[in-house]
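Beneath this line is the structure, given in structure tokens, with notes to follow.
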Amino acid sequence: TLVAKAIAGEAGVPFYQMAGSEFVEVLVGVGSARIRDLFKRAK
Numbered sequence: 001t002l003v004a005k006a007i008a009g010e011a012g013v014p015f016y017q018m019a020g021s022e023f024v025e026v027l028v029g030v031g032s033a034r035i036r037d038l039f040k041r042a043k
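For the sequence shown, position 18 matches number 18 in UniProt numbering, and the numbering has no gaps at all.
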């Protein structure tokens, strides 16, 4: 993760970091919605 962050910094592109535990939810679909939101922000 640290290498990827450094490469993104050198390339001048944003770097989004999230822990795997942020995607685990009790309610079905909440984790996948977070992944979709992350990809929308990355575009």
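Don't be surprised by glycine CBs; every beta carbon is placed ideally from N, CA and C.
These numbers were taken from a predicted model, which means no experiment stands behind them.
Secondary structure at residue i, three-state DSSP: helix, strand or coil?
i	result
F39	helix
G12	coil
A19	coil
Could you tell me which of the options sits nearest to residue i, measuring between CA atoms?
i	options	result
K40	K5, G20, A19 and P14	P14
residue 47	L38, Y16, R34 and G12	With the chain running from 1 to 43 in the structure shown, residue 47 is simply not present.
A19	R34, K43 and A8	R34
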